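Chain order of the listed sequences is A and B. Using this note's numbering, the letters of the first sequence correspond one by one to residues 44 to 528. Using this note's numbering, the letters of the second sequence correspond one by one to residues 3 to 299. Positions of the beta carbon are idealized from the N, C-alpha and C atoms, including for glycine. Since we're looking at a predicted model, the values are computed, not measured. A quick write-up on the structure given underneath.
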Amino acid sequence: MPTGFEYAPAPESRAVVDIASSYGLFVGGEFVDPADGASFKTVNPATGERLSDVAEAGAADVDAAVRAARRAYTQVWGPMSGAERGKYLFRIARILQERAREFAVLETLDNGKPIKESRDVDIPLAAAHFFYHAGWADKLEYAGLTTGARPAPLGVIGQVIPWNFPLLMLAWKIAPALATGNTVVLKPAETTPLTALLFAQVCQQADLPAGVVNIVTGAGATGQALTEHPDVDKIAFTGSTDVGKQIARTIAGTRKRLTLELGGKGANIVYDDAAIDQAVEGIVSGIYFNQGHVCCAGSRLLVQESVADDVVRRLQRRLGTLRVGDPMDKNTDVGAINSAEQLARITALVEAGEAEGATRWSAPCELPDRGYWFAPTIFTDVSQAHRVAQEEIFGPVLSVLTFRTPAEAVAKANNTPYGLSAGIWSDKGSRVLWTADRLRAGVVWANSFNKFDPTSPFGGYKESGYGREAGRHGLEAYVAAGSED
Amino acid sequence: MARVDVRKTYKLYIGGKFPRSESGRSYAVVSQGRSQSFLANAAQGSRKDVRDAVVAARGAFAGWSGATAYNRGQVLYRVAEVLEGRREQFVADVIASEGVTRPRAERLVDAAIDRWVWYAGWPDKLAQVLGNLNPVAGPYFNLSAPEPTGVVGILAPQRSSLLGLISVIAPAIVSGNTVVVLTSEERPLPAVTLSEVLATSDVPGGVVNIVTGRTAELAPWLASHHDVNAVDLTGAADADGVAWADLEASAADTVKRVLRPAGDGPDAVEPDFAPTPSLRRMRAFLETKTVWHPKGT
Chain A
44 MPTGFEYAPA PESRAVVDIA SSYGLFVGGE FVDPADGASF KTVNPATGER LSDVAEAGAA
104 DVDAAVRAAR RAYTQVWGPM SGAERGKYLF RIARILQERA REFAVLETLD NGKPIKESRD
164 VDIPLAAAHF FYHAGWADKL EYAGLTTGAR PAPLGVIGQV IPWNFPLLML AWKIAPALAT
224 GNTVVLKPAE TTPLTALLFA QVCQQADLPA GVVNIVTGAG ATGQALTEHP DVDKIAFTGS
284 TDVGKQIART IAGTRKRLTL ELGGKGANIV YDDAAIDQAV EGIVSGIYFN QGHVCCAGSR
344 LLVQESVADD VVRRLQRRLG TLRVGDPMDK NTDVGAINSA EQLARITALV EAGEAEGATR
404 WSAPCELPDR GYWFAPTIFT DVSQAHRVAQ EEIFGPVLSV LTFRTPAEAV AKANNTPYGL
464 SAGIWSDKGS RVLWTADRLR AGVVWANSFN KFDPTSPFGG YKESGYGREA GRHGLEAYVA
524 AGSED
Chain B
3 MARVDVRKTY KLYIGGKFPR SESGRSYAVV SQGRSQSFLA NAAQGSRKDV RDAVVAARGA
63 FAGWSGATAY NRGQVLYRVA EVLEGRREQF VADVIASEGV TRPRAERLVD AAIDRWVWYA
123 GWPDKLAQVL GNLNPVAGPY FNLSAPEPTG VVGILAPQRS SLLGLISVIA PAIVSGNTVV
183 VLTSEERPLP AVTLSEVLAT SDVPGGVVNI VTGRTAELAP WLASHHDVNA VDLTGAADAD
243 GVAWADLEAS AADTVKRVLR PAGDGPDAVE PDFAPTPSLR RMRAFLETKT VWHPKGT
């Protein structure tokens, strides 16, 4: 088995970032201390070193943030014209571009993802989301969301985001909310709060009116206080299906609006006429991008039986060339697992896969002795009933299943409560379109995988959640429904 | 000697057939006018009838959602034709069910038929109005199109027995969803007549399933059923013993799409079905699928 070439280290400098030893909450345009002074630490998952202490918002802090957001909504942001709102969003987009390097380094330190991904994917896309939505702010009556009148904002939006794409998820949430005239209280994930706090400084730099964006750091209890707050008009949540269901139950009967972007178990279908080497690259980016910490990851590979052995062989050869290690190294392909808890979850599910009789193969790579790591892994001999084929692992673990006919591929692809993403690899256009029609998934990547764009709606079918983010469709989540019928 | 009229036994409509409730139960439907006279015994559907209806709806989904939009439009327009032919029967049903005058009932029936015609024109326009070609920053063809969400459980309005009923069924099925409808508990007769219309038009069996009975008894099973993708709670307004918040909470366990009843806060009110609808009801039961494909030579 070939292993990676020896490369000299090519570390990105962290000098561009100043990390404070502690951070407060961002409420009403200022950094403030939490009411009860609680805090928690955020660590670099690649080394385990403490990066900073971050305030833990309690119910009183969340309440203060919601009040600040309400005040900003009624006094400043709501009454402001769309054209003026848009200019603030353009400013934010530009500042993100100007400070992109700083954000990329900070994201990689706090999250563990390879610097080349934070530099080339997360930060540019986050800026692009602000740029795209800035232009909507004064054009909402063209979005086709209401008949005639300009769509009205909802008010104060509570937003809870995950740790896998910290700044990008922030952009997905904040940009459309602000463009449509709402104000926000956002809770970043407890393991990755730093780029959200740097974003708060960007809001200050852009002279965004106080209270339009509020950031409350904390864990589950903070998120719960936010979703339960009676003066929040809408909740936007990205995260696990279990928590999403819990939130939906909590807000039942309150008439709060809700959008959910939940888990997935994406099928990546490879037909025998596919360009196999291209497909192998697509499989790799489908499941090993961002350490597999991707809700729309292509974690179930469905290969046509006649080419299955060949695909798995080439896949193993390719995984042997992936460089796993220091996320700050510009040559690194797979970085650190985000937290000890997540590593434990991945490990437990992989052990379940072995116990249930699937065959495990992990890439022969040397893992650093500090931090949280998991070698890129493939399971073969997987049946549909295996846990590794049904449950979201959220790590660099691929399950391989086979099929004989297109109908069988579709049936197996759809055999999950999730319905977020899918991939199709075939040289035949008619087969690609036939398959795409039948997949019950919100995003279908044909001869490609894990592509994102601010103009392209994203979101799931079935238990992968409801609502769409980005594109014209994403705006709908942030405007009033209009007439009752 | 006066002629003795032939009275009808009212049944459920499941999978294109007219079964009695498996429970063998029925309940008395009385007129809503000044004199509350006995009209008929309607089938009192059970939990198992709801289950059968969901199975029928799921079975019909692939065919109905897979039909061309042009075909669905044709089939739905055919329903309007048959509705028009049964106009007199619906007028009589609405008078008996809602206790309104004949001219008022005629206006309601006409509006209901026209509403169906309005929706019959939608299947082949939805993708154009709600779909999108997305200008992504890269060499990709990227298209977003609406698709039906699946099986939709509907609590039909309690008061508006025909116009309201049609205003909730039609927007769900235009896009290819299949439905299980719990009818107005006290005013189920127009729904039974509608099932006869659907059975004699070209709507495939199982696309619309109509269950009469006690809303409070049946709605929780629909809202928590694991093979139902969405619930329309419009009929929670004025339904005896129904708390829509509980139904919404149980729908959360399977991440169902929920169309809440009209009204503010915990209140639920029956909407005015007279105005031309917005897209809201159709949109509520759609998913957006986005497909990416590379462009190159």
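Assigned with DSSP and collapsed to three states, GLU73 (chain A) falls in strand.
Within its own chain, the residues whose Cβ lies closer than 8 Å to the Cβ of ILE158 (chain A), once the five positions on either side in sequence are excluded, are GLU55, ALA147, VAL148, THR151, PRO370, MET371, ASP372, LYS373, THR375, listed in chain order. In this structure, the beta-carbon distance from PHE208 (chain A) to ASP165 (chain A) falls below 8 Å.
Taking the Cα of GLY201 (chain A) as reference, the smallest distance to any Cα among A:ALA78, A:ARG142, A:PRO497, A:ALA108 is reached at A:ALA108.
For ALA89 (chain A), the three-state secondary structure derived from DSSP is coil.
Taken through DSSP and simplified to helix, strand or coil, PRO296 (chain B) comes out as strand. Put simply, the region 312-319 of chain A touches the region 349-358 of chain A. At least three CB pairs are less than 8 Å apart.
Per DSSP, the beta-bridge partners of GLY155 (chain B) are B:VAL182, B:VAL233. For VAL425 (chain A), same chain residues with a beta-carbon under 7 Å away, outside a window of 5 residues either side, are ALA401, VAL431, ALA432, SER442, VAL443, LEU444 in chain order.
Residue contact with chain B for ALA310 (chain A): absent (no Cβ-Cβ distance below 8 Å to any residue of chain B). Looking only at A:TRP477, A:ILE138, A:THR235, A:GLU184, the smallest Cα-Cα distance to LYS84 (chain A) is reached by A:THR235. Distances from the alpha-carbon of GLY71 (chain A) to those of A:ALA111, A:ARG93, A:SER64 put A:ALA111 closest. THR226 (chain A) is positioned such that its CB atom lies no closer than 8 Å to that of ALA383 (chain A). For ARG403 (chain A), there is no enclosing alpha helix (DSSP H); the residue is part of the beta strand (DSSP E) that begins and ends at 402-405.
When 9 Å is used as the limit between beta carbons, VAL183 (chain B) is near no residue of chain A, the shortest such separation being about 17 Å.
For the region 132-163 of chain A, the set of positions with a beta-carbon nearer than 8 Å to some beta-carbon of chain B is empty.
Residue contact with chain B for GLY121 (chain A): absent (no Cβ-Cβ distance below 8 Å to any residue of chain B).
About 12 Å separates the Cβ atoms of PRO439 (chain A) and PHE422 (chain A), ruling out a contact at the 8 Å cut-off. Cβ proximity to chain B below 9 Å picks out ASP480, ARG481, LEU482, ARG483, ALA484, GLY485, VAL486, VAL487, TRP488, ALA489, ASN490, SER491 from the region 480-491 of chain A. Within chain A, the residues ASP496, THR498, SER499, PRO500, GLY514 have their CB atoms less than 8 Å from the CB of ASN136 (chain B), given in chain order.
At least one CB of chain B lies nearer than 8 Å to the CB of ARG511 (chain A). Neighbours of ALA169 (chain A) in chain B, taken as residues at a C-beta separation under 9 Å, are lacking, since the least C-beta distance is about 14 Å. Assigned with DSSP and collapsed to three states, ILE204 (chain A) falls in coil, not helix or strand. In this structure, LYS288 (chain A) and VAL257 (chain B) form a Cβ contact; the two beta carbons are roughly 6 Å apart against a cut-off of 8 Å.
Following the DSSP letters along the chain, one finds ASN73 (chain B) in no beta strand (DSSP E) but inside the alpha helix (DSSP H) bounded by residues 71-87. For PRO196 (chain A), the beta-bridge partners assigned by DSSP are A:VAL522.
For ILE212 (chain B), the enclosing beta strand (DSSP E) covers residues 210-213. In its chain, beyond the 5 residues on either side, LEU165 have a beta carbon closer than 6 Å to the beta carbon of ALA113 (chain B). DSSP places ILE278 (chain A) in the uninterrupted beta strand (DSSP E) bounded by 277-281.
Contact annotation: VAL487 (chain A) and LYS291 (chain B) have beta-carbon atoms nearer than 8 Å.
Using a Cβ distance threshold of 8 Å, VAL255 (chain A) and TRP120 (chain A) count as a contacting pair. One finds TRP246, ALA247, ASP248, LEU249, GLU250, ALA251, SER252, ALA253, ALA254, VAL260 in chain B with Cβ atoms closer than 9 Å to the Cβ of ALA295 (chain A), taken in chain order. Excluding the 5 residues flanking it on each side, GLY35 (chain B) has same chain C-beta neighbours closer than 7 Å at GLY101, in chain order.
The count of Cβ pairs closer than 8 Å, one atom from the region 115-134 of chain B and one from the region 208-222 of chain B, stays below three, leaving the stretches out of contact. Separation of PRO497 (chain A) and ALA513 (chain A) (C-alpha to C-alpha, rounded to the nearest whole angstrom) is 5 Å. Around the Cβ of GLY510 (chain A), a 10 Å sphere holds 16 or more other Cβ atoms; the residue is buried.
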